[in-house]
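First residue of the sequence shown? That's 1 in the UniProt record's numbering, and the numbers climb one at a time after it. Cβ atoms here follow ideal geometry from the backbone N, Cα and C, with glycine treated the same way. The structure appears right after this line, and notes come after that.
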Amino acid sequence: MSETVTVTNSTDAVVPAVWSWIPITWQWWDVIQLILAIAGIIGNSLVMLVIFRVKRKLCSTDTLIAGLALADFLTSVFIIPHAQVKTLPDTIAAQLYCRIIQSNSLMWTSICASIFTLTTISIERLMAVRYPFQFQRFFSSRSTSLAIGGIWLISFVINTVSFYVHYIFEGKCAFGFSTPSFQKFIGVFYFIAEYLVPVSVMILAHVFTIRTLRERAQVKPYSAENQSQRPNKHFLRARRRVVEMLFIVVVIFIICWTPDQFGFLAFTVGIIDFSHFNSPLYRSFVVLAFVNSCANPIIYAARNPNFRQALKELFRNVPSIRLQSVFAAIYETSNVSTDTSATKLSSVDK
């Protein structure tokens, strides 16, 4: 798939390739990609600063959103346009560069971690709303941290395929599968593992979460007998606002990544050829996908009063005395009370 790069002398002896680079030409997609990278680095850094400067133990929602911000931050770093290698020698260092850096495997690992973290957040909110007792056991501080570590490990393992399908061929980084069947298998596997299953889980989790909130909002007429069973309207409103914000995050993710995922699937199963990856249409798909890495902080600022207030405190260098979660609707304590009036509310309901 790569051109042969050789240098010949008068005796036609082949001289090994040396390191050479293709400079950035700053096409429209490079400029937009740089803008998105800068926005993602700044926005996700602010999210992590806001979360980690609080003077209390983080709840599971804050920990997971911090993990999502970290994954999107690293993605933003990796999408910064840089010079591409043109030729390189067949050495260990060059092989590692081709298989790890040129293949963008680090970027895809962070993207995969972002996808799986967002999926976990959807499950976490469903458990908090629908199964509060089980939620405390499954989403403790320790288990949430272990889940994030497991997400990164799985993301890394999944993307080790890039290490085998990228290699040096005649002085250039090449990309290819050993057989057409293997190419189709990898394409379908990635589509299912990194898109179809996560999106299905996110949608189903939010459908059940929203349904549960609506069911609990439908209360019987006021009476002395059912007073203690009436859900606290402020509590439900706070939870609903958080769920709505996270649902918007999921919708934006689906919009941003669907074209790219279907494009890669179409290539691997043989519907389109490799030239698709150099087309303006595919460039547009890539730019749209990278929008997702910087979109979440904007959504938080638009939909979460707590986050806006925390940003003001950060910019004014006001010491944080916040005792409540920036993102969760309630404290996640070790015990869940069945008395809704005793539930501690977040100021997200301002």
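- Residue pairing from DSSP places K172 in a beta bridge opposite F169.
- Around the Cβ of V207, a 10 Å sphere holds fewer than 16 other Cβ atoms; the residue is exposed.
- Collapsing the DSSP output to three states places I100 in a helix.
- Rounded to whole angstroms, the separation of the alpha carbons of D273 and S162 is 19 Å.
- For Q33, the enclosing alpha helix (DSSP H) stretches over residues W28 to F52.
- Taken atom to atom, the span from the alpha-carbon of G43 to that of P297 is near 5 Å.
- Between A310 and V326, the C-beta spacing is below 7 Å.
- Taking every protein chain shown into account, the CB of F73 has 16 or more other CB atoms within 10 angstroms, so this residue is buried.
- Ranking P81, F262 and V157 by CA distance to the CA of W28 puts P81 first.
- By the beta-carbon neighbour count (other beta carbons within 10 angstroms, threshold 16), V242 is buried.
- A Cβ-Cβ distance of about 40 Å is found for the pair F133 and M107, leaving them out of contact under the 8 Å criterion.
- Judged by DSSP secondary structure, T87 falls within the beta strand (DSSP E) whose first and last residues are Q84 to T87.
- Excluding its 5 nearest sequence neighbours in each direction, W21 has C-beta neighbours in its own chain below 8 Å: A83, Q84, V85 and K86, listed in chain order.
- DSSP places S155 in the helix class (H, G or I) of the three-state scheme.
- Per DSSP, the beta-bridge partners of I22 are Q84.
- It is roughly 27 Å from the alpha-carbon of L68 to the alpha-carbon of Y97.
- Separation of M245 and A328 (C-alpha to C-alpha, rounded to the nearest whole angstrom) is 11 Å.
- Leaving aside the five residues that flank Q95 on each side, the residues in its chain whose CB is nearer than 7 Å to its CB run, in chain order, I168.
- In the structure shown, P180 adopts helical secondary structure according to DSSP, grouped into three states.
- Excluding its 5 nearest sequence neighbours in each direction, L213 has C-beta neighbours in its own chain below 7 Å: V129, L236, R239, R240 and V243, listed in chain order.
- Apart from the 5 residues on each side of it in sequence, D30 sits with its Cβ closer than 7 Å to the Cβ of I24 and P81 in its chain, given in chain order.
- Around the Cβ of A93, a 10 Å sphere holds fewer than 16 other Cβ atoms; the residue is exposed.
- Cβ atoms of S284 and G40 stay farther apart than 8 Å, at about 18 Å.
- Within the same chain, Cβ atoms closer than 6 Å to the Cβ of I148 are found at G67, the five residues on either side in sequence being excluded.
- Burial is judged here by how many other beta carbons sit within 10 angstroms of a residue's own beta carbon; F315 has fewer than 16 and is exposed.
- Bounds of the alpha helix (DSSP H) holding I121 are S105 to R130.
- The C-beta distance from L36 to V291 rounds to 6 Å, short enough to meet the 8 Å contact threshold.
- In this model, V199 and V188 are separated by some 15 Å (Cα to Cα).
- In this structure S60 is in contact with T144, their Cβ atoms being roughly 4 Å apart against a cut-off of 8 Å.
- A71 and S122 do not touch by the CB rule: their CB atoms are close to 15 Å apart, not below 8 Å.
- Within the same chain, Cβ atoms closer than 8 Å to the Cβ of A193 are found at I158, the five residues on either side in sequence being excluded.
- When secondary structure is reduced to three states using DSSP, D62 falls in the helix class.
- For R303, the enclosing alpha helix (DSSP H) covers residues P280 to R303.
- For the 7 Å CB-CB criterion, P89 and A17 form a contact.
- The stretch 235 to 284 is shown to contain no whole beta strand (DSSP E) run of 3 or more residues.
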